[in-house]
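Participant: Can you keep this structure in mind? I'll have questions shortly.
Residue numbers (the numbering used here): -15 to 104.
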């Protein structure tokens, strides 16, 4: 679950983030996973899947808000394990069975992605 800041405060979200200058997309994905979910989670497969875009309001730690344009590059990822250690951007995490997803307050982007995958 996302912290009370960022683009989807207080809602359940898939891990994600930005691409830094000079960084390739897969490098950015692996870095964001390491930063948000810890060094122990090992991705064994990364397959590009789809993309979408949106305009969202981002809330910063100081309470400031900004409208931002987002491009979602969405990948199918397979991990060798489930060892997760979340960072300060999240309050909690969960491994969820598809049939249980309806019980979570998912942000709009996560809901859209899971619908496209046939999981909602």
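Think of the CB as a built atom: it goes at the ideal place given N, C-alpha and C, for glycine as much as any other residue.
Fair warning: this is a prediction, and the values are worked out from it, not measured in the lab.
Looking at the secondary structure, which residues open and close the beta strand (DSSP E) in which residue 62 lies?
Facilitator: Looking at the DSSP string, the run of the beta strand (DSSP E) that includes residue 62 is 49 to 63.
Participant: Between which two residues does the beta strand (DSSP E) carrying residue 27 extend?
Facilitator: 27 to 43
Participant: Determine the direct distance from the alpha carbon of residue 72 to that of residue 40, and round the result to whole angstroms.
Facilitator: Those two C-alpha atoms are separated by around 21 Å.
Participant: Determine the contact status of residue 65 and residue 25, defining contact as a CB-CB distance below 9 Å.
Facilitator: Contact: yes.
Participant: Quick check on DSSP: helix, strand or coil for residue 85?
Facilitator: The three-state reading of DSSP puts residue 85 in helix, counting H, G and I together.
Participant: Using the Cα positions of residue -8 and residue 91, report the straight-line distance between them to the nearest angstrom.
Facilitator: 6 Å
Participant: Tell me the residue span of the alpha helix (DSSP H) that contains residue 15.
Facilitator: 9 to 21
Participant: May I ask which residues mark the beginning and end of the alpha helix (DSSP H) holding residue 99?
Facilitator: 92 to 100
Participant: With a CB to CB cut of under 6 Å and the five nearest residues on each side skipped, what residues in its chain are close to residue 104?
Facilitator: 85 and 98
Participant: So, for residue 7: in the same chain, excluding its five sequence neighbours on each side, which residues have a beta-carbon less than 8 Å away from its beta-carbon?
Facilitator: 15
Participant: Applying the criterion that 16 or more other CB atoms from any shown protein chain within 10 Å of the CB defines a buried residue, is residue 0 buried or exposed?
Facilitator: buried
Participant: Any heavy atom of the ligand MN closer than 8 Å to the Cβ of residue 18?
Facilitator: No copy of the ligand MN appears in this structure; indeed no ligand is present at all.
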